[in-house]
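Residue numbers (my numbering), protein chains in the order written: chain Z, 14 to 274; chain X, 14 to 274. No residue lacks a Cβ here, since even glycine has one placed at the ideal position from N, Cα and C. Computed from a predicted structure; not experimentally measured. Notes follow the structure.
So, in structure tokens, the structure goes:
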């Protein structure tokens with residue numbers, strides 16, 4: 014029995030999310046079905062975390078155990094031959110027997126993309142939120158900085174979900190303008206995130222950008238812990254799981270293409 | 014009666030191409046149907062040129078005549094309200110009565126995008142050709158430079174199509190690496206292009222990059238005018254109509270978003 018670790022990328026548009034659900038096709042289900050074809054085994058995948066319906070992954074990490082003789086680095090090629098083109102395995106390799114894709118995460122990065130233009134873009138329609146009103150970018154930058162550090166993010170979690178602790182540490186939180194004019198991104202890195210936390214933070218900061226809310230309101234929501242003090246949940250399709258870091262494995266080191274002549 | 018000029022963007026994946034065809038839905042048909050809803054008129058659109066099935070447009074130019082009282086700059090908003098999200102009108106404005114989207118073109122630009130990586134990308138699957146073998150980028154750059162200038166491009170047109178002249182002038186022809194690692198682009202500007210010319214040029218240069226053909230072979234095809242001396246036609250989905258220039262109108266001046274706080 015050996016443990017395999019993979020980096021999976023997906024366009025989440027057509028899926029109910031990472032995790033298998035009764036109401037539609039999940040990325041997990043699709044991958045497990047393909048692994049079954051290749052190995053003949055009933056393989057259960059463990060991911061770094063769930064992603065919601067419509068949310069994308071540039072670098073989701075999964076692990077699984079198998080007795081298959083397929084060389085670990087060949088799983089990527091074997092799976093891609095059968096997977097639909099909106100799911101790709103970017104990398105596969107052997108993992109230590111005690112590696113766990115979820116429990117071992119030390120840092121996760123998400124990116125939220127906004128297409129800021131008078132009209133929508135046919136090319137970004139599934140991966141960026143279209144915003145057509147003016148945005149006070151400086152206020153959004155200021156708001157993003159407030160989030161850095163250890164905070165109780167109770168105000169920024171989906172209502173009705175209870176967990177042991179709502180304290181999380183955010184290491185990076187910033188807005189930046191991409192090279193392409195009109196494309197603006199929010200990048201956040203943290204020890205972990207509450208359910209819908211990134212989308213509620215983005216929804217709140219976009220209201221600050223649109224001057225329907227102030228940075229002081231965001232500070233107040235962090236203090237009060239009341240969901241109603243924060244803004245709306247930004248739509249799923251602008252969000253992507255961007256990068257996952259483990260003590261001895263960082264997706265960033267493996268997903269960049271390297272083909273030389 | 015007034016003449017309107019628009020810049021249209023589309024993801025060509027779901028369409029049979031720009032021009033109306035008996036075998037499926039065209040972008041032209043979809044736009045004309047929407048114009049009919051808005052104006053009640055049977056409007057015929059004239060575009061800068063056709064794009065094939067699967068080919069995209071970042072900046073297609075169209076014109077039409079109407080008696081409608083819709084303000085010219087509002088056509089973009091009115092059309093986008095009813096169009097599917099893979100077609101957007103980026104700009105609409107009044108045009109001189111003698112402006113013609115096809116006959117007045119002075120320069121057209123196309124871009125062909127290649128995703129050069131071991132595995133495909135879920136996010137670029139419809140807009141970039143995936144190449145996973147090594148590419149000799151320097152040889153491709155050299156080949157691209159050979160194309161600049163006035164040439165008889167007979168070897169680079171789809172077989173069986175006859176036209177008065179096969180001489181065209183290419184002003185720009187170059188490969189470059191995009192900011193995102195793995196993404197490489199071919200950019201070409203010319204007075205006009207023969208049917209499939211850009212795709213055959215790209216197919217030939219990709220064979221040169223893969224060392225299955227030399228730059229001398231491309232030079233020979235330019236000399237001989239024989240289709241069989243050129244390489245294969247590159248797939249449609251990597252190609253986009255990038256920019257169109259007229260004597261007094263350049264799409265580049267109007268499609269970049271400009272929303273200030």
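Counting C-beta neighbours from all protein chains within 10 Å, is the total for residue i 16 or more, i.e. buried, or is it exposed?
{"i": "residue 260(Z)", "result": "exposed"}
{"i": "residue 242(X)", "result": "buried"}
{"i": "residue 41(Z)", "result": "buried"}
{"i": "residue 12(X)", "result": "No answer is possible for residue 12(X): the residues shown for chain X start at 14 and end at 274."}
{"i": "residue 8(X)", "result": "The question about residue 8(X) has no answer here: the residues shown for chain X are numbered 14 through 274."}
{"i": "residue 30(Z)", "result": "buried"}
{"i": "residue 117(X)", "result": "buried"}
{"i": "residue 105(X)", "result": "buried"}
{"i": "residue 61(X)", "result": "buried"}
{"i": "residue 119(X)", "result": "exposed"}
{"i": "residue 146(X)", "result": "exposed"}
{"i": "residue 170(Z)", "result": "buried"}
{"i": "residue 2(Z)", "result": "Since the first residue of chain Z shown is 14 and the last is 274, residue 2(Z) is not available in this structure."}
{"i": "residue 156(X)", "result": "buried"}
{"i": "residue 53(X)", "result": "exposed"}
{"i": "residue 121(Z)", "result": "buried"}
{"i": "residue 191(X)", "result": "exposed"}
{"i": "residue 172(Z)", "result": "exposed"}
Residues of chain X with a CB under 8 Å from the CB of residue i: which are they?
{"i": "residue 65(Z)", "result": "Going along chain X, no residue has its Cβ under 8 Å from residue 65(Z), so there is no contact; the nearest lies around 17 Å."}
{"i": "residue 251(Z)", "result": "Within 8 Å Cβ-Cβ: nothing; residue 251(Z) doesn't reach chain X, min ~13 Å."}
{"i": "residue 192(Z)", "result": "192"}
Candidates the options: which alpha carbon is nearest residue i's?
{"i": "residue 183(X)", "options": "87(X), 166(X), 173(X), 175(X)", "result": "166(X)"}
{"i": "residue 289(Z)", "options": "119(Z), 265(Z), 255(Z), 35(Z)", "result": "No answer is possible for residue 289(Z): the residues shown for chain Z start at 14 and end at 274."}
{"i": "residue 38(X)", "options": "100(X), 125(X), 81(X), 79(X)", "result": "100(X)"}
{"i": "residue 253(Z)", "options": "266(Z), 146(Z), 72(Z), 53(Z)", "result": "72(Z)"}
{"i": "residue 19(Z)", "options": "178(Z), 85(Z), 32(Z)", "result": "85(Z)"}
{"i": "residue 17(Z)", "options": "36(Z), 110(Z), 28(Z)", "result": "110(Z)"}
{"i": "residue 228(X)", "options": "64(X), 115(X), 150(X)", "result": "150(X)"}
{"i": "residue 233(X)", "options": "246(X), 217(X), 107(X)", "result": "217(X)"}
{"i": "residue 137(Z)", "options": "190(Z), 162(Z), 250(Z)", "result": "250(Z)"}
{"i": "residue 180(Z)", "options": "32(Z), 164(Z), 172(Z), 190(Z)", "result": "164(Z)"}
{"i": "residue 231(Z)", "options": "32(Z), 161(Z), 121(Z)", "result": "161(Z)"}
{"i": "residue 14(X)", "options": "141(X), 66(X), 78(X)", "result": "78(X)"}
{"i": "residue 35(X)", "options": "66(X), 58(X), 59(X)", "result": "66(X)"}
{"i": "residue 240(Z)", "options": "44(Z), 199(Z), 213(Z)", "result": "213(Z)"}
{"i": "residue 63(Z)", "options": "108(Z), 107(Z), 114(Z)", "result": "114(Z)"}
{"i": "residue 141(X)", "options": "247(X), 28(X), 33(X)", "result": "247(X)"}
In chain order, what residues of the same chain have a beta carbon less than 7 Å from the beta carbon of residue i, not counting five sequence neighbours either side?
{"i": "residue 274(Z)", "result": "Note that residue 274(Z) has pLDDT 45, beneath the 50 cutoff, so the model's placement of it is unreliable and the number below is only indicative. Correct list: empty, nothing qualifies."}
{"i": "residue 148(Z)", "result": "129, 222, 223"}
{"i": "residue 211(Z)", "result": "123, 125, 201, 252"}
{"i": "residue 263(Z)", "result": "none"}
{"i": "residue 49(X)", "result": "55, 56"}
{"i": "residue 112(X)", "result": "16, 18, 76"}
{"i": "residue 153(Z)", "result": "188, 218, 221, 222"}
{"i": "residue 24(Z)", "result": "69, 99, 139"}
Would you check if the distance between the CB atom of residue i and the CB atom of residue j is smaller than 7 Å?
{"i": "residue 158(Z)", "j": "residue 185(Z)", "result": "no"}
{"i": "residue 209(X)", "j": "residue 26(X)", "result": "no"}
{"i": "residue 135(X)", "j": "residue 22(Z)", "result": "yes"}
{"i": "residue 197(Z)", "j": "residue 129(Z)", "result": "yes"}
{"i": "residue 127(X)", "j": "residue 257(X)", "result": "no"}
{"i": "residue 143(Z)", "j": "residue 103(X)", "result": "no"}
Spatial neighbours of residue i within its chain, please: CB distance less than 6 Å, with the 5 preceding and 5 following residues excluded, ordered by chain position.
{"i": "residue 174(X)", "result": "208"}
Which residues in the same chain have their Cβ closer than 8 Å to the Cβ of residue i, if we skip the five residues on either side of it in sequence?
{"i": "residue 47(X)", "result": "92, 95, 96"}
{"i": "residue 51(X)", "result": "81, 83, 88, 91, 92, 95"}
{"i": "residue 268(Z)", "result": "20, 22, 71, 72, 103, 104"}
{"i": "residue 237(Z)", "result": "168"}
Identify the contact partners of residue i in chain X, using a Cβ-Cβ distance below 9 Å as the criterion.
{"i": "residue 140(Z)", "result": "136"}
{"i": "residue 122(Z)", "result": "Per Cβ cutoff of 9 Å: no residues; residue 122(Z) is ~16 Å from chain X at best."}
{"i": "residue 238(Z)", "result": "What residue 238(Z) touches in chain X: nothing, since even the nearest Cβ is about 30 Å away."}
So residue i contacts chain Z; which residues on that side make the cut at Cβ distance below 8 Å?
{"i": "residue 133(X)", "result": "93, 98, 101"}
{"i": "residue 23(X)", "result": "135"}
Please confirm whether any heavy atom of the ligand COA lies closer than 6 Å to the CB of residue i.
{"i": "residue 138(X)", "result": "No copy of the ligand COA appears in this structure; indeed no ligand is present at all."}
What residues of chain Z sit near residue i, judged by a beta carbon separation below 7 Å?
{"i": "residue 89(X)", "result": "132"}
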